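Taken in order, these protein sequences are the chains called Z and S.
Take the position in the first sequence, starting the count at 1, then add 13; the result is the number in the working numbering.
Take the position in the second sequence, starting the count at 1, then add 95; the result is the number in the working numbering.
Glycine included, each C-beta is placed from N, C-alpha and C at the ideal position.
It should be emphasised that the depicted structure is a prediction, and the values quoted were computed from it without experimental measurement.
One structure is given below, encoded as C-alpha cells.
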Amino acid sequence: MSARRATHKLGVATRDQSGLTLMELLISLIIASIVSTMIFMSWFSLNQSYSYSVHSNEARDIARLAMGRMAREIRDVESVPTSNECAVVRARGFWVLFTTTFNTAGNSNATMVPHLAMYRLYEDETLWRYEDMNGNGTIAGVDVNVTTDDTNFNTAEQSNGEGARLVCRNAVNYVVPSGGETPLFEYSYYDDDGQLQLDPYVYTTPNRQRILAVQIHLLVDLNPRRSPTYADLLTTAQLRNQRQF
Amino acid sequence: MRLRHSEEGSTLVMLIAIIAALAIMAASIVVLTHNVSHNTYTDRMRVKAFNVTEAGLDAGMYTMSRNWPTTSTSTNPFDTAWYTAFRGNFGASQFPAPASGSFMTVSYFDDPPYTAPYTSANPPVWDMNGNNRLYVVVQGGVGPRAARIQAKVERTFYDTHLPRGIALYSGASLYSNGGGNNPKIMVEVPPPVGTTTSIHVVGTIENPSVSAPGIAQLTGAAAGSVNDVFPQTLRNGLKALAQQNGRYFTSQAAAEASPADPIWSPNGGLSGLTVIEDPSHAGVTVKGTYNSEAQPGILMVLDPVSKSSPIDFGGGGDFYGVTYVEGPVDKGHGNFCIHGMSISNTTYDMRGTTDVKYNDNCIARLLNRWSLNVQLVPNTWRELQPQ
Chain Z
14 MSARRATHKL GVATRDQSGL TLMELLISLI IASIVSTMIF MSWFSLNQSY SYSVHSNEAR
74 DIARLAMGRM AREIRDVESV PTSNECAVVR ARGFWVLFTT TFNTAGNSNA TMVPHLAMYR
134 LYEDETLWRY EDMNGNGTIA GVDVNVTTDD TNFNTAEQSN GEGARLVCRN AVNYVVPSGG
194 ETPLFEYSYY DDDGQLQLDP YVYTTPNRQR ILAVQIHLLV DLNPRRSPTY ADLLTTAQLR
254 NQRQF
Chain S
96 MRLRHSEEGS TLVMLIAIIA ALAIMAASIV VLTHNVSHNT YTDRMRVKAF NVTEAGLDAG
156 MYTMSRNWPT TSTSTNPFDT AWYTAFRGNF GASQFPAPAS GSFMTVSYFD DPPYTAPYTS
216 ANPPVWDMNG NNRLYVVVQG GVGPRAARIQ AKVERTFYDT HLPRGIALYS GASLYSNGGG
276 NNPKIMVEVP PPVGTTTSIH VVGTIENPSV SAPGIAQLTG AAAGSVNDVF PQTLRNGLKA
336 LAQQNGRYFT SQAAAEASPA DPIWSPNGGL SGLTVIEDPS HAGVTVKGTY NSEAQPGILM
396 VLDPVSKSSP IDFGGGGDFY GVTYVEGPVD KGHGNFCIHG MSISNTTYDM RGTTDVKYND
456 NCIARLLNRW SLNVQLVPNT WRELQPQ
C-alpha cells in the first residue's frame, strides 16, 4: 500500500514537471528574443545618445570657448606705438596675425608694448594659437609670410611654433559647404570709395588700418567620423582701438 | 514547489541592472544639462558684465566731459548718486548684483608726465599736466562675472577759430562823437607777435580818433566781410550748441532768468554762451559784469532777416569775450567795457561812453572754452583682469 502510494505520488510529481511543449518553448523564445532585442537596442541607442551628448557638448563647449577667446582677443588688438604697422598685421580668411596685450599680466601699465599673436586654422581641421612669448617681434617657427593663402600650411608649426596652443579640433571650415569653404575670418572695412566691405582678405597696411570689425565664423563637427553634425558659431568682434571717430 | 519555481531565473536581476544603468545615465544627463545651462549662464553673465563695463565707460566719459578734474581739489564726479543713477538703468533681475565687489566702479588718473611726488604707481587723480587727457579705469560686475577696461580719454573742444587782433567789426559805419571820450577802442592784451590790432569798418569811421594810436583802421573793401571775422559756419555752430545746451533764448528776459551751468554759463544770465533771437526785434541791453578773462563768453543777438534787433551797452559793467549782433549797436551809456572783440553786422554807434578793449587772452581762451565731449584716445583701449 505504501509502495503504491509512493509510486502514485511519484507519478503525480512527474506529471507536474512534464515541462513546456515545443511550441510553447519556441513562442517564449521568440518573445524573449524580441523583448531582449528591444531592450538591447534601447540600451545601445541610449548609450550612443549619451556618448554623443557628452562628446558633442564637450566639443560645443570647446568651440564656444575658442570663439569667445578669439573674439575677446581680436576685440582688444592694439598697435605698437613705435611701429608703422597697424594692429592687424595680417588679415586672411583662415588666419589672422595681430598685436595685443590681452590677458598679459601687468597690462594695466599703459607703457606695456603689445606683442604678436596669431590664430591659424589648418586643413587637418585644427585651430591653433601662437604667440610671441619673448617679445622679440616675431613668432618663431611660424611662417607669417606665406605666399599661397590658406592652403598647405606647414603642420610642423603646430609643434615648433612659439607659444603654440591647440584651441579647437574638428573645425571643418575648409570643407563646408560641400565643394567650397567657409572663411574663419572676414573683415569689415571702408574701401577707397567709402563703401563698407566684408572681405576675407585685406592686404596692405593702409587698408588694414581701416578694419573696423572681424567676423568670426567657426564650423565644428560635433560627430566626427560619423554622419556630420555641425555647430555653426558666428560672432563679430569690433576692434575697439580702430574705431573711426 | 510552485513558489520556488516562480523565484527562479535572472529576469529581476537584469531588470534591476537595466533600471540602475538607465538611472545612472539619466542622472548623468541631468548633471550634463545642468553643467551646460550653468556654462551658458556664466557666458551670459560675462557678456553682460562686459556690456555694463562699456556702458560705464561711456557714461563715465560723458560725466567727465561736464566735470573734468582740472585741479587737485576737483570733486570726484563719480559719487554715490552717480552710481545709484547708473545702477538704475539695469534691472536687478537681468543684471544681478555681483558675487563680490561693486556693480560699477570708475576711477581715473593723469597720464604722464607729471611731477613729484607723483609716480606711475601713485599718479595724480586730476589733469595735473593740463593736456586734457586722463586714463579711466572701469570695472563692472554682474553675477559671478566681472570685466575691467582701461582707456585713455581726452577732452575735445568746440573750435571757434576766431581771428586774432580784431577789436571791432562794423558792417556799416562807426560813429563816434569824439570829444574827450576818445579813444574808446584800445588794446588791453595785445595779439601774438606779428599780428596787428585792428578795427574793420565797411562804411566810414566818423572820427578816426575813436581808436588808440597803433590800432589799424581798415575801411571799405579792406574791412572784408563779417564772414571773414565771424564766419557763418561758426555762427551756425554756436547757435546749434546753444540750442543743444539750453543757451538759446527768444527774449532777453528768458536769457537773464537762465540758471548757471558749469560749462555753458558759469553765472547764468548772459554769461558763457548766450544766443538771443527775439522775434519781436526788441533787442538786448547789457548791464553788469559777465564772464572773466579766465572764462570768457560769447553773446550773440541774432536777427538774420531784418537786422534790426539792437544791442545796447548800458550802465557800468564789463563783458569779457565776444559780442556779435546782426542789428546795430546802439549808443552806449555809462562806463561799460567790452574786453575782447565786438562785432556788428550793421552800424556801430560809439557816441556814448562804451569802450572796447582788445584782450587777446579772451580770444585765445575761447578756442578751448567749451568742452564738447570726452572721447577715447585711439589705441589705448585695453581689457584688464578684473580685480
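Three-state secondary structure (DSSP) of residue i
i, result
"M54 of chain Z", "helix"
"D174 of chain S", "coil"
"H128 of chain Z", "strand"
"M395 of chain S", "strand"
"Y203 of chain Z", "strand"
"G412 of chain S", "strand"
"A262 of chain S", "strand"
"M36 of chain Z", "helix"
"Y65 of chain Z", "helix"
"V424 of chain S", "strand"
"I152 of chain Z", "coil"
"A104 of chain Z", "strand"
"Q327 of chain S", "helix"
"M14 of chain Z", "Residue placement at M14 of chain Z is flagged as unreliable, the pLDDT there being 44, under the threshold of 50; the coordinate-derived value follows with that caveat. If DSSP states are grouped into helix, strand and coil, M14 of chain Z belongs with coil."
"T418 of chain S", "strand"
"N217 of chain S", "strand"
"T218 of chain Z", "helix"
"G24 of chain Z", "Low confidence applies to G24 of chain Z: its pLDDT is 48, below 50, so where it sits in the model is not reliable, and the reading given next is rough at best. Three-state DSSP puts G24 of chain Z in a helix."
"F111 of chain Z", "strand"
"F181 of chain S", "helix"
Endpoints, alpha helix (DSSP H) assigned at residue i
i, result
"H133 of chain S", "106-161"
"D323 of chain S", "321-324"
"E351 of chain S", "347-351"
"N173 of chain Z", "170-173"
7 Å Cβ cutoff met for residue i and residue j
i, j, result
"A246 of chain S", "T475 of chain S", "yes"
"V305 of chain S", "K334 of chain S", "no"
"L471 of chain S", "R243 of chain S", "no"
"N183 of chain Z", "T195 of chain Z", "no"
"W221 of chain S", "T166 of chain S", "yes"
"V420 of chain S", "V400 of chain S", "no"
"K143 of chain S", "V201 of chain S", "no"
"F198 of chain Z", "V227 of chain Z", "yes"
"R452 of chain S", "E301 of chain S", "Looking at the sequence itself, residue 452 of chain S is Lys, so the reference to Arg does not match. Contact: no."
"V101 of chain Z", "I229 of chain Z", "no"
"S466 of chain S", "F252 of chain S", "yes"
"M436 of chain S", "I261 of chain S", "yes"
"T345 of chain S", "D373 of chain S", "yes"
Residues bridged to residue i [DSSP beta-bridge criterion]
i, result
"K452 of chain S", "S:M281, S:H434"
"Q50 of chain S", "The question about residue 50 of chain S has no answer, for chain S in this structure spans 96 to 482."
"K247 of chain S", "S:Y230"
"I224 of chain Z", "Z:Y202"
"V381 of chain S", "S:F408"
"G236 of chain S", "S:A241"
"S439 of chain S", "S:S265, S:V420"
"I358 of chain S", "Bridge partners of I358 of chain S: none, in fact."
Residue i: CB within 6 Å of a non-hydrogen atom of the ligand SAM
i, result
"A348 of chain S", "Because no ligand of any kind appears in the structure shown, any question about the ligand SAM cannot be addressed here."
Cross-chain neighbours of residue i in chain S, by beta carbon under 8 Å
i, result
"R221 of chain Z", "Ordered by position in chain S, no residue passes the 8 Å Cβ test against R221 of chain Z, which lies about 14 Å from the chain."
"L134 of chain Z", "Residues of chain S passing the Cβ test: none, with the nearest at roughly 23 Å."
"L59 of chain Z", "L117, M120"
"N254 of chain Z", "P473, N474, T475, W476"
"L114 of chain Z", "The displayed chain sequence assigns Thr, not Leu, to residue 114 of chain Z. Per Cβ cutoff of 8 Å: R477."
Listed by chain order, chain S residues near residue i by CB distance under 7 Å
i, result
"I52 of chain Z", "I113"
"S121 of chain Z", "Q245, L479"
"R142 of chain Z", "Simply none; closest approach about 17 Å."
"D74 of chain Z", "N134"
"M67 of chain Z", "Residue identity differs from the one stated: residue 67 of chain Z is Val in this sequence, not Met. Under the 7 Å cutoff, chain S gives L127."
"N165 of chain Z", "Near N165 of chain Z there are no residues of chain S at all, since even the closest Cβ is about 35 Å away, more than 7 Å."
Neighbouring residues, chain S, relative to residue i (Cβ below 9 Å)
i, result
"E91 of chain Z", "N474, T475, W476, R477"
"Y63 of chain Z", "M120, S123, I124, L127"
Neighbouring residues, chain Z, relative to residue i (Cβ below 9 Å)
i, result
"Y230 of chain S", "A123"
Extent of the continuous beta strand (DSSP E) run through residue i
i, result
"L140 of chain Z", "140-144"
"M199 of chain S", "199-205"
"Y243 of chain Z", "243-251"
"V180 of chain Z", "178-181"
"Q480 of chain S", "Note, Q480 of chain S: premise wrong, no beta strand (DSSP E); not H, not E."
"L365 of chain S", "Segment: none, L365 of chain S is in no beta strand (DSSP E) and carries neither H nor E."
"Q208 of chain Z", "Looking at the DSSP string, Q208 of chain Z is not in any beta strand (DSSP E), and its letter there is neither H nor E."
"V469 of chain S", "466-471"
What are the residues of the region 120-137 of chain S that lie near chain C, defined by any Cβ-Cβ distance shorter than 7 Å? Checking the listed chains, one finds no chain C in this structure; the protein chains it contains are Z and S.
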